[in-house]
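Chains as they are written, first to last, in our numbering: chain U, 1 to 193; chain B, 1 to 98. Beta carbons: idealized from backbone N, C-alpha and C, even for Gly. Please read these numbers as outputs of a predicted model, since none were measured by experiment.
Given below as structure tokens:
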């Protein structure tokens, strides 16, 4: 029976867009888990993550990346761990074995979906539906924010690359978000091409 | 109106939910006057113009509860504190006065 179950993309109606000025692509290959430090456990959680992955967890909206893993601030004393699924990597299992005594770890691999928006026009397209300041002065490499995009709650972050963004949202909003993003991209592209 | 969340920075009003007066304290439910105390606690507000201390919840952001000091006549915000810090300070003050 198990081989009858096939994973289905949440972005089944999103045609990946790839132009010199803008690319939009779902990231289907991620394993994610959110974790929240228990009472008075923040320092212990930070020390454990530091020794396991060599990174300092941010206490303010930001992203940090280590070898094959990134952590995004997801609220006070909360983070989202993101990694490539690769050879059956399971972020929830991995973090639970490290943090079980000091944090609540919840799998987000299927509950949330991530889309990557990149290219020189990405900032301009995203700014049409996101109410925060996306100017590089305010939102630069490894910046992160929890906000909404076209009224859909997102956690978003910028990669080290100046024009590459990733947005994570609840899976059931994927189609609605993709609809907005593609409409906005199409409205932006010809005018500035 | 924009509120400067201590975590997220300045954000638009539509990310927040207003959650009432931040100065009322839940009365003692075992007091003989509990019934009247709770009516006052839940319903009675004088609502004067000028400075209010209000609870706001950053619902579309980091989910922090905030205590915002705001002049309701001008919308000028003079301070935004984490409700957690305010509650801890209140508890500490109550302990010291006890």
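Applying the 10 Å Cβ sphere with the 16-neighbour rule, what's the burial state of residue i?
i: residue 155 of chain U; result: buried
i: residue 18 of chain B; result: exposed
i: residue 194 of chain U; result: In the structure displayed, chain U extends from 1 to 193; residue 194 of chain U sits before or after that span and is not available.
i: residue 46 of chain U; result: buried
i: residue 72 of chain B; result: exposed
i: residue 199 of chain U; result: Outside the displayed span of chain U (1 to 193) sits residue 199 of chain U, for which this structure offers no information.
i: residue 43 of chain B; result: exposed
i: residue 68 of chain U; result: exposed
i: residue 37 of chain U; result: buried
i: residue 59 of chain U; result: exposed
i: residue 178 of chain U; result: buried
i: residue 79 of chain B; result: exposed
i: residue 193 of chain U; result: Caution applies to residue 193 of chain U, whose pLDDT of 47 falls short of 50 and renders its modelled position unreliable; the value that the coordinates give is listed next. With fewer than 16 Cβ atoms within 10 Å of its Cβ, residue 193 of chain U is classed as exposed.
i: residue 73 of chain U; result: buried
i: residue 39 of chain B; result: exposed
i: residue 87 of chain U; result: exposed
i: residue 100 of chain U; result: exposed
i: residue 88 of chain B; result: exposed
i: residue 172 of chain U; result: exposed
i: residue 51 of chain B; result: exposed
i: residue 135 of chain U; result: exposed
i: residue 22 of chain U; result: buried
i: residue 10 of chain B; result: exposed
i: residue 169 of chain U; result: buried
i: residue 29 of chain B; result: exposed
Could you name the residues that DSSP lists as bridge partners for residue i?
i: residue 23 of chain U; result: U/18 and U/118
i: residue 180 of chain U; result: None; residue 180 of chain U has no bridge partner.
i: residue 5 of chain B; result: B/9
i: residue 11 of chain U; result: Paired residues: none, contrary to the question.
i: residue 71 of chain B; result: B/51
i: residue 149 of chain U; result: U/152
i: residue 17 of chain B; result: B/57
i: residue 94 of chain B; result: In DSSP, residue 94 of chain B forms no bridge with anything.
i: residue 105 of chain U; result: U/35
i: residue 79 of chain B; result: B/69
i: residue 113 of chain U; result: U/169
i: residue 30 of chain U; result: U/84
i: residue 143 of chain U; result: U/62
i: residue 158 of chain U; result: U/165
Quick one, are the C-beta atoms of residue i and residue j less than 8 Å apart?
i: residue 31 of chain U; j: residue 70 of chain U; result: no
i: residue 144 of chain U; j: residue 61 of chain U; result: yes
i: residue 119 of chain U; j: residue 180 of chain U; result: no
i: residue 19 of chain U; j: residue 189 of chain U; result: yes
i: residue 125 of chain U; j: residue 184 of chain U; result: yes
i: residue 114 of chain U; j: residue 27 of chain U; result: yes
i: residue 35 of chain B; j: residue 131 of chain U; result: no
i: residue 79 of chain U; j: residue 98 of chain U; result: no
i: residue 158 of chain U; j: residue 174 of chain U; result: no
i: residue 61 of chain B; j: residue 152 of chain U; result: no
i: residue 55 of chain B; j: residue 93 of chain B; result: no
i: residue 91 of chain U; j: residue 103 of chain U; result: no
i: residue 66 of chain B; j: residue 5 of chain B; result: yes
i: residue 41 of chain B; j: residue 27 of chain B; result: yes
i: residue 105 of chain B; j: residue 15 of chain B; result: What is shown of chain B runs 1 to 98, which leaves residue 105 of chain B out entirely.
i: residue 86 of chain B; j: residue 77 of chain B; result: no
i: residue 23 of chain B; j: residue 53 of chain B; result: yes
Which residues, in order along the segment 70-90 of chain B, keep a beta-carbon less than 9 Å from a beta-carbon of chain U? Under the 9 Å Cβ criterion, the segment 70-90 of chain B contributes 82 and 84.
Using a Cβ-Cβ cutoff of 8 Å, what residues of the segment 126-149 of chain U are near chain B? List them in chain order. Of all residues in the segment 126-149 of chain U, 131, 132, 145, 146, 147 and 148 have a Cβ within less than 8 Å of some Cβ in chain B.
Identify each residue in the segment 44-68 of chain U for which the Cβ-Cβ distance to at least one residue of chain B is less than 8 Å, and report them in chain order. 60 and 61
Contact list for the segment 11-38 of chain B against chain U, Cβ threshold 8 Å: Within the segment 11-38 of chain B, the residues whose Cβ lies closer than 8 Å to some Cβ of chain U are 11, 12, 14 and 15, listed in chain order.
Length at least 3, wholly inside the segment 44-96 of chain U: the beta strand (DSSP E) runs in chain order: 63-66, 69-73 and 78-84
Identify each residue in the segment 45-71 of chain B for which the Cβ-Cβ distance to at least one residue of chain U is less than 8 Å, and report them in chain order. Hits within the stretch, in order: 60, 61, 62, 63 and 64.
Between the segment 70-95 of chain U and chain B, which residues of the former have CB atoms less than 7 Å from a CB of the latter, in chain order? 75 and 76
Contact list for the segment 147-177 of chain U against chain B, Cβ threshold 8 Å: 147, 148 and 153
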